[in-house]
Amino acid sequence: MSITVFIAVLFAAIFHACWNALVKIGSDRFLGISLLTFFSGIVTLPTLFWIGLPDIAAWKWIGLSVLFHIGYTLSLSRCYTLADFNQIYPISRGSAPLMTAILGFLLFHEQLPTMGLVGILLIIAGIILISRSRQSTEFNLRKDALFFALLTALFTASYTLADGNGSRVGTSPLAYILWLFFLNGMVMYLLAWIRYRKNLNGKIKSYWKPAFFGGVMQLVSYGIVIWAMSHASIVLVAALRETSVLFAMLLSIYILKEQFNRKQLLACLVILAGIVAIKMG
86 MSITVFIAVL
96 FAAIFHACWN
106 ALVKIGSDRF
116 LGISLLTFFS
126 GIVTLPTLFW
136 IGLPDIAAWK
146 WIGLSVLFHI
156 GYTLSLSRCY
166 TLADFNQIYP
176 ISRGSAPLMT
186 AILGFLLFHE
196 QLPTMGLVGI
206 LLIIAGIILI
216 SRSRQSTEFN
226 LRKDALFFAL
236 LTALFTASYT
246 LADGNGSRVG
256 TSPLAYILWL
266 FFLNGMVMYL
276 LAWIRYRKNL
286 NGKIKSYWKP
296 AFFGGVMQLV
306 SYGIVIWAMS
316 HASIVLVAAL
326 RETSVLFAML
336 LSIYILKEQF
346 NRKQLLACLV
356 ILAGIVAIKM
366 G
């Protein structure tokens, strides 16, 4: 992985942490994700007139990605109705890089260097440590919540692999990125309209500012990731993206003045070791 791609993905992880902080509009995470995704699609609209269409072969990957994103959103929303954020997040985010690595190897024969695999495992361990540092030692999770958390991770791995391969088709990863965001945004608006009907326009008027800025950050964040996957290992980029959990924790300590304990310090060191291992790989 080149230093340019490496630094770009770390910046993407920072943006990912920022837009995730805006997802919780009120107490409705489905609404938050839907509105952010809708506005990220709206932002791309003016560019579609001059960027042109993606390669014909890329459309199947765009279609798959949109379907996987729908599954991800619905599954994640279901997770948060069954269990607390601190229980769900480490499973859904921590499992995704491992699933991406396994599926990437089985379906696309993605080979990982030894240090790359070590880096992935260290980042997963760090994510789990961060989550455990904020909760009691008791950890009771309903079976249906565990199922949807793992299903969310599977959808994450699936759309990551779809986008990684789609961005490599043709000569314009940018066209792939912009059309994906536009179509995904329109589909999420339709799903939100089905769910909220006449109340949707009122919700958009109430929350358009955080949704707009979050949508821009979502576009920049995942756009960088898709671009990076066209230049480097999909699996390693996917794992490096999950360092957003580290940046989210640091933001909460700096902005919300949360306490910084030994478990969090250990988690930071473990994730940093994973980042170094991926760069070395």
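In the numbering used here, the protein residues as written are 86 to 366. No residue lacks a Cβ here, since even glycine has one placed at the ideal position from N, Cα and C.
*Ordered along the chain, which non-local residues of its own chain (more than five positions away) have a Cβ less than 7 Å from that of residue 208?*
182, 324, 327, 328, 356 and 359
*Since residue 150 and residue 248 are thought to touch, with beta carbons under 8 Å apart, how far apart are those beta carbons, to the nearest angstrom?*
5 Å
*Contact between the segment 261-277 and the segment 135-146: three or more CB pairs below 8 Å?*
yes
*With DSSP collapsed to three states, give me the class of residue 222.*
Annotation note: pLDDT 47 at residue 222 (below 50); position unreliable, coordinate value reported separately. Three-state DSSP puts residue 222 in coil, outside helix and strand.
*Nearest to residue 94 by CA position, among 255, 270 and 322, is which residue?*
322
_Under 8 Å, with one C-beta from each stretch per pair, do the segment 235-253 and the segment 184-195 reach the 3-pair mark?_
yes
_Cutoff 7 Å; reference residue 271; Cβ partners in own chain excluding five residues on either side_ = 126
*asked:* Here's the rule: buried if 16 or more other CB atoms are within 10 angstroms of the residue's CB, otherwise exposed. What is residue 137?
replied: exposed
*Kindly indicate which residue of 180, 114, 254 and 115 has the alpha-carbon position closest to the one of residue 211.*
180
*Extent of the continuous alpha helix (DSSP H) to which residue 196 belongs*: Note, residue 196: premise wrong, no alpha helix (DSSP H); not H, not E.
*asked:* If you follow the alpha helix (DSSP H) that residue 127 is in, where does it begin and where does it stop?
replied: 114-129
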